[in-house]
Ligand code: AMP
Ligand code: GLY
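Numbering (the numbering used here), first residue to last: 63 to 482.
Here it is in structure tokens:
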């Protein structure tokens, strides 16, 4: 069986690692140096829909897994299916749940799904007027479209809110993505990520997790794609889980179906647990990165079985089981990330497979290979994953070993999972 994964980061490395099994042969576009130990990497851009369709057709892929937001929002799954190729991931109509925050906010309003109060705007004068009228800070300003996790500004005062609005709507800071904005109420509480498989009718959540989005210890610095994750999330109690399932998860897949946008794939719920119960901060139309690296590491059920059940709309026949215990991932990044950083630094502390036995697994996010040596090739470079009976033990293991790997100007957060 030939399987192609579209993407090239830690999430795709984790997906491929979980799929490994007898009789399965893997390809990844574009992949990276760590992924190359599992799959044949092919140099096709994730946004090159025709390129992927042509390659998958020529190589007779049995399954293509579209893993990143951009190709999903652009309609890669639709194009693959139109060419008769089996594909995992939501189609374009469903991926809009991530591709347009204006769409997802309006969906939640229409179907009574708890989320922060909001308004959408395309005109900066009206948006500024609205913020002034509300007079409540901080206020959250979001570019409606995809912005690599950077299109969210939490403005502490009027001046900063006004600047964010003008930057997005008038100065095109996020290009087309910011031509429409959402202004919403700042929610107080604890964040939880829940990644769930769904075939449009049935929904099976993976283990809960907690991302750490800010660049530096103590939640300081800019928002990033994610500096580390723990699973399970201690704040996700059985009571919150029940509320989330009844008030958010099931209503969301029903709403999408009612809108003629049946969602099939992985739906990511970014939740805030507030004093009034869980509320949606955001939806993503795919596995999170680095959430996938811990959630998939704790998944006991065969991932391919689940993916096939999603595609065939038979997910209710499958139970999704997790290992007991906890897992942690800590990302090692290039100095300067999430802004400017250098690439091409030699990495020390990895064996020829790009691994290091002190960890349960090393997921590669942004690596290349030069003269047989692993080098940095992105802002987020490596993710070190350890498991333990509980989070504390997983945390001790990862931080006990992390300094055995390094490269010039590398940095990581030393408080993933809480201060030690
Ligand atoms: P997003 O890209 O929508 O996940 O937003 C990035 C981060 O901004 C989230 O993980 C939250 O930490 C924060 N955030 C977004 N919206 C809100 C909100 N309404 N209230 C509080 N924090 C928020
Ligand atoms: N780690 C957050 C995301 O994948 O969007």
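From the three backbone atoms N, C-alpha and C, an ideal C-beta is built for every residue, glycine too.
By how many angstroms is the C-alpha of residue 324 removed from the C-alpha of residue 375?
11 Å
Could you give the distance in angstroms between the alpha-carbon of residue 87 and the alpha-carbon of residue 267?
If I take the Cα positions, the gap works out to 27 Å.
Could you tell me whether the Cβ atoms of residue 213 and residue 183 are closer together than 7 Å?
no
Taking buried to mean at least 16 other C-beta atoms within 10 Å of its own C-beta, is residue 131 buried or exposed?
Flag for residue 131 reads buried.
Are the beta-carbon atoms of residue 136 and residue 151 separated by less than 7 Å?
In this structure, residue 151 does not lie closer than 7 Å to residue 136 by Cβ.
Could you tell me which uninterrupted beta strand (DSSP E) segments, each at least 3 residues in length, are contained entirely in the stretch 274 to 345, listed from first to last along the chain?
276 to 278, 282 to 285, 290 to 293 and 327 to 336
I'd like to know whether the C-beta atoms of residue 475 and residue 289 end up nearer to each other than 7 Å.
Against a cut-off of 7 Å, the Cβ pair of residue 289 and residue 475 comes out as a contact.
Kindly indicate the opening and closing residues of the alpha helix (DSSP H) around residue 133.
131 to 136
Apart from the five residues on each side of it in sequence, which residues of its chain come closer than 6 Å, Cβ to Cβ, to residue 186?
The beta carbon of residue 186 sits closer than 6 Å to the beta carbons of 227, 228, 231 and 232 from its chain, once the five residues preceding and following it are set aside; these are given in chain order.
Measuring CB to CB, does residue 255 end up less than 7 Å from residue 332?
yes
Under the DSSP definition of a beta bridge, which residues are partnered with residue 87?
64
Is the number of C-beta pairs between the stretch 73 to 92 and the stretch 394 to 408 that are closer than 8 Å three or more?
no
What residue range does the alpha helix (DSSP H) around residue 347 cover?
Element bounds for residue 347: n/a, residue is neither H nor E.
How would you write the range of the alpha helix (DSSP H) that residue 199 sits in, first residue to last?
Where residue 199 is concerned, there is no enclosing alpha helix (DSSP H), given that its DSSP letter is neither H nor E.
Our contact map puts residue 373 next to residue 319 with C-beta atoms below 8 Å; I'd like the distance itself, whole angstroms only.
The Cβ separation is near 16 Å, so there is no contact.
Contact defined as beta carbons within less than 8 Å: I believe residue 400 pairs with residue 209. What is the distance between those atoms, to the nearest angstrom?
In fact, because the Cβ distance is near 12 Å, the residues do not count as touching under 8 Å.
DSSP puts residue 128 in a beta bridge; with which residues?
68
List the endpoints of the continuous beta strand (DSSP E) containing residue 487.
With the chain represented from 63 up to 482, any question about residue 487 goes unanswered, as that position is not in the structure.
Looking at the strands, I want to know which residues DSSP matches up with residue 401.
Residue 401 pairs with nothing; no bridge assigned.
So within the stretch 150 to 186, which uninterrupted beta strand (DSSP E) runs reach at least 3 residues, ignoring any that extend past its ends?
180 to 183
Kindly provide the chain-ordered list of residues whose Cβ lies closer than 5 Å to any non-hydrogen atom of the ligand GLY.
273, 288, 350 and 351
Would you kindly check if the distance between the Cβ of residue 65 and the Cβ of residue 142 is under 7 Å?
no
According to DSSP, simplified to helix, strand and coil, what is residue 419?
coil
Using the beta-carbon count (16 or more within 10 Å), is residue 188 buried or exposed?
By the neighbour-count criterion, in which 16 or more other beta carbons inside 10 Å mark a residue as buried, residue 188 falls on the exposed side.
Please list, in chain order, all residues of the same chain as residue 336 whose beta carbon is under 8 Å from its beta carbon, the five residues on each side excluded.
249, 250 and 251
Assuming residue 484 and residue 412 make a contact with CB atoms under 8 Å, what is their CB distance in whole Å?
As displayed, the chain neither begins before 63 nor continues past 482, which places residue 484 out of reach and without an answer.
Suppose you measure from the CA of residue 96 to the CA of residue 410; what does that come to, to the nearest Å?
Between residue 96 and residue 410, the C-alpha separation is close to 14 Å.
Could you work out which residue in 357, 178, 239 and 270 is closest to residue 298 when comparing CA atoms only?
Across the set 357, 178, 239 and 270, the C-alpha of 270 shows the shortest separation from the C-alpha of residue 298.
Along the chain, where does the beta strand (DSSP E) containing residue 486 start, and where does it finish?
There is simply no residue 486 to check, as the chain begins at 63 and stops at 482 in what is shown.
Is any heavy atom of the ligand AMP found at a distance shorter than 6 Å from the C-beta of residue 121?
no
State buried or exposed for residue 483, treating a residue as buried only when at least 16 other CB atoms are found within 10 Å of its CB.
No statement about residue 483 is possible, as the shown extent of the chain runs from 63 to 482 and does not include it.
What does a CB cutoff of less than 6 Å around residue 102 pick up in its chain, not counting 5 residues either side in sequence?
89
In three-state DSSP terms, what is residue 264?
It is coil, neither helix nor strand.
Does the ligand AMP have a heavy atom nearer than 6 Å to the CB of residue 332?
yes
Tell me the rounded alpha-carbon separation between residue 292 and residue 207.
28 Å
Where do the ends of the alpha helix (DSSP H) carrying residue 353 lie?
353 to 357
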